[in-house]
Amino acid sequence: MNKDDKLRILICIGGGPEAYASLRYAVRLSKTSCADIVLLYVRPLDSGLNSGGMEVRVARENVLDWGLELPGLRQLKAARDILVELGEIEPGAHREWKHHELKGDPAGEYIRDYENPCGGIVSLRLRTATDVTSAVSDEAKRFKADVVIVGASPEPMTGLKKLFSRKPLALKIAAHAHCSVIVARHLEPGRNHLVCVQDTDQSRAMLPMVGRYFQSCQYPVSILSVAPTRADLASAQKAAQEAAHILAELGTTPAEILVEVGDPVETIITIGYDFSLILASESLKPWFAKGFSVSHEVAEKARNSVMIVK
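Sequential numbering from 14 applies to the sequence shown in my numbering.
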């Protein structure tokens, strides 16, 4: 997280209705920490304009100049209208689209910036890319995002559909992004958050970041540690108590501490269903193997939102 404790949130628009639902959650964060918010729409290059041989960038600029509906603008405008309704953008505020050159990208990106009531920015950004995952990861780095929010299917894929389908975009972004990622399903403000911990250095390393996040959002928090077997129970209890102590020192006193025995993924999903957001530390595995880690399996299978903390 940034040193000034001001959250920088990047929301991927275009992945379905869950992205729009997450706007209310982001605004709650903005109200308490004056967050900077970027709304990003990335269009795959293969669905780009039929420019008739014109350079893609020139064709896109012409469409904007003519005031026509460039694919992606409709989604960004819908998100902007929600932020107007929620008071993050002043009604009637008008800003021109500005074009920014990007190295290695002939189309570049289009940006429209607003200022929210507390002095933060709300930025609408439109990009075209051959690979959406890479474009989102690049944008997150350039924006120095603390967290990326990307909508996922409300109903996780199972059975044969999962076996023969491509990996969902939200999970690909979660594996590649340099910062924390919220895989959003039914993400709503106002409900408790569940922090999942283990007796590992990686889990302990996420706690200062989690503490600063909760200072910004001010949500009630519960701690959960799952022991795979009875023999691991002492280790799980140690992890839970240590996490509670560290978070309390950082200004967040947990509402409850839970220690369970069972399969970590299934236990977290079952208990976490009653929470707005499940938080778990990133895996140390390489990106192509992260799907076999506890945090990414939970993000894939849970029916509510999961934040992979990096």
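The C-beta atom is built at its ideal place from N, Cα and C for all residues, glycine as well.
Contacts around residue i, its chain only, beta-carbon distance under 6 Å, and the 5 residues preceding and following it disregarded
| i | result |
| --- | --- |
| G29 | G164 |
| C212 | Note that residue 212 is Asp in the sequence shown, not Cys. So the list reads S248, K251 and A252, once near-sequence residues are dropped. |
| L99 | V40 |
| D214 | none |
| G27 | Y54 and Q88 |
| H199 | N317 |
| S216 | V210 and S294 |
| S150 | H189 and A190 |
| R140 | V55, E122 and A148 |
DSSP state of residue i mapped onto helix, strand, coil
| i | result |
| --- | --- |
| K298 | coil |
| T324 | Residue 324 lies beyond the stretch modelled for the chain, which goes from 14 to 323, so this question has no answer here. |
| D253 | Residue 253 is actually Ala in this sequence, not Asp. Here A253 sits in helix by DSSP. |
| H107 | coil |
| C230 | helix |
| R93 | helix |
| E310 | helix |
| E101 | coil |
| P221 | helix |
| P130 | coil |
| L53 | strand |
| K303 | helix |
Candidates the options, of which the one nearest residue i by Cα
| i | options | result |
| --- | --- | --- |
| C230 | N205, Q254 and S238 | N205 |
| C336 | Q211, G203, D214 and M222 | The question about residue 336 has no answer, for the chain in this structure spans 14 to 323. |
| L23 | E122, K44, G132 and L137 | L137 |
| V161 | K180, A142, A188 and L139 | A188 |
| L220 | H258, I186, W300 and Y232 | H258 |
| E152 | Y286, R243, R217 and H113 | H113 |
| A302 | F288, E279, K185 and H199 | K185 |
| L89 | P299, F227 and L52 | L52 |
| R108 | P130, V135, R37 and I282 | V135 |
| C131 | E103, K111 and T283 | E103 |
| S35 | D287, S46, L86 and I95 | I95 |
| D287 | R37, E201 and K154 | E201 |
| S289 | T45, K116, S46 and V196 | V196 |
| E262 | G224, S296, V322 and Y232 | G224 |
Beta-ladder partner(s) of residue i, from DSSP
| i | result |
| --- | --- |
| P241 | Paired residue(s): none; P241 is not in a bridge. |
| E122 | H113 and R140 |
| M320 | I195 and L292 |
| L23 | V51 and V161 |
| S235 | L207 and E269 |
| V40 | In DSSP, V40 forms no bridge with anything. |
Contacting residues, own chain, Cβ-Cβ under 7 Å from residue i (five flanking each side not counted)
| i | result |
| --- | --- |
| A106 | Y127 |
| I236 | V208, V210, A253, A256, A257, P267, I270 and L271 |
| I282 | V311, K314 and A315 |
| G285 | L207, I291, A315 and N317 |
| K154 | H191 |
Neighbourhood of residue i by C-beta, 8 Å cutoff - its chain only, sequence neighbours within 5 removed
| i | result |
| --- | --- |
| A330 | The requested residue 330 is not part of the displayed model; the chain covers only 14 to 323. |
| P241 | V274, G275, D276 and P277 |
| A92 | I24, I26, A32, Y33, L36, L52 and L137 |
| R243 | V274 |
Contact with chain D by residue i, beta-carbon distance below 8 Å
| i | result |
| --- | --- |
| Y127 | Protein chain content of the structure displayed is limited to a single chain, and chain D is not contained in it. |
Residue ranges of each alpha helix (DSSP H) within the stretch 145 to 216, 4 or longer: 145 to 156, 172 to 176 and 182 to 189
Within the stretch 246 to 293, ranges of the beta strand (DSSP E) (whole runs, at least 3 residues): 269 to 274
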